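Numbering (the UniProt record's numbering), first residue to last: 1 to 80.
Structure, rendered in structure tokens:
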């Protein structure tokens, strides 16, 4: 089974890119504030970073939609 891929094409649009960056900054600020109270171990830190990127990407970008090619259609070009 293939892993879902984020719709990174949306990053070409300035509004989408700005929204992603803004949300990531907010999440990492919250993580930094939490770490000041209780310093986590490296594995906990990694899980928090990974979760921040994954959740923010899912919220801002969503997932790519696969386009299926019909049977016998190897390309979009036709011979004429």
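All C-beta atoms, glycine included, are put in the ideal place defined by N, C-alpha and C. Treat the numbers as computed from the prediction; the structure is a model and nothing was measured.
Query                                                                                                             : Result
Tell me residue 63's beta-bridge partners as DSSP assigns them.                                                   : 6
Using a threshold of 9 Å, state whether the C-beta atoms of residue 24 and residue 63 are closer than that.       : no
Given this structure, state the Cα-to-Cα distance separating residue 35 from residue 65, to the nearest angstrom. : 37 Å
Which residue marks the beginning of the alpha helix (DSSP H) containing residue 83, and which one marks its end? : Absent from the model: residue 83. The displayed extent of the chain is 1 to 80, so no value can be given.
Just reading off the alpha helix (DSSP H) that residue 81 is part of, what are its end residues?                  : There is simply no residue 81 to check, as the chain begins at 1 and stops at 80 in what is shown.
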